[in-house]
Amino acid sequence: MEPRQPVPPFTRETALAKVQAAEDAWNTRDPERVAGAYTVDTVWRNRDEHLQGREEVIAFLTRKWERELDYRLRKNLWAFTDDRIAVRFQYEWRDADGQWWRAYGNELWEFDELGYMRRREASINDAPIDESDLRVTPGDGDLPTW
């Protein structure tokens, strides 16, 4: 596999670039594109689900974006080390009944030497919101405070 830039060890600049690349990919809502950033045998914990491998990630993301309509995400770098990054994020989406939701969370990422994510752990909480309260803008600076 070709390296997926930027690769570890991370600097502040390269960690910020990795976070922005992840945000950009997730906002496409393309499960295969997103899964391409992970190792073939990636391990995930997303809320209470445990996944292993790109195929499970693709299936999970397909289900997610069939349910989470008009999804938009913003991620911010929280901390980093040589091969790990921690992020804070918020995303908003609406369900099939028209109810809008905001999800708040944290992710812990671990990368292999080629820059693919081999481990992702996500803790996420959802809160119902009114459409008039939408505020998440991808790529637009720091996350809003709650």
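Numbering (the working numbering), first residue to last: 39 to 184. Virtual Cβ for every residue (Gly too), placed ideally from N, Cα, C.
The alpha carbon of Ala60 has as its nearest neighbour, out of Pro47, Arg110, Arg85, Glu104, the alpha carbon of Arg110. Between Arg50 and the set Arg122, Leu107, Pro69, Trp64, the nearest pair of CA atoms involves Arg122.
Taking a 10 Å sphere around the C-beta of Asp120, we find fewer than 16 other C-beta atoms and assign the residue as exposed. Looking at the DSSP output, Val125 bridges to Leu115, Glu145.
Taking Asp168 as the centre and dropping the five residues before and after it, the same chain places the C-beta of Trp138 closer than 7 angstroms to its C-beta, in chain order. Straight-line measurement puts the Cα of Arg112 at about 9 angstroms from the Cα of Asp62.
At the C-beta level, Arg156 and Asn144 stay beyond 9 angstroms of one another. DSSP places Pro47 in the coil class of the three-state scheme, outside both helix and strand. In this structure, Asp108 is the residue among Asp108, Ile162, Asp180 with its C-alpha nearest to the C-alpha of Asn65. When C-alpha distances from Thr80 are compared across Ile162, Trp147, Asp164, Asn163, the shortest belongs to Trp147. Per DSSP, reduced to three states, the secondary structure at Asp164 is strand.
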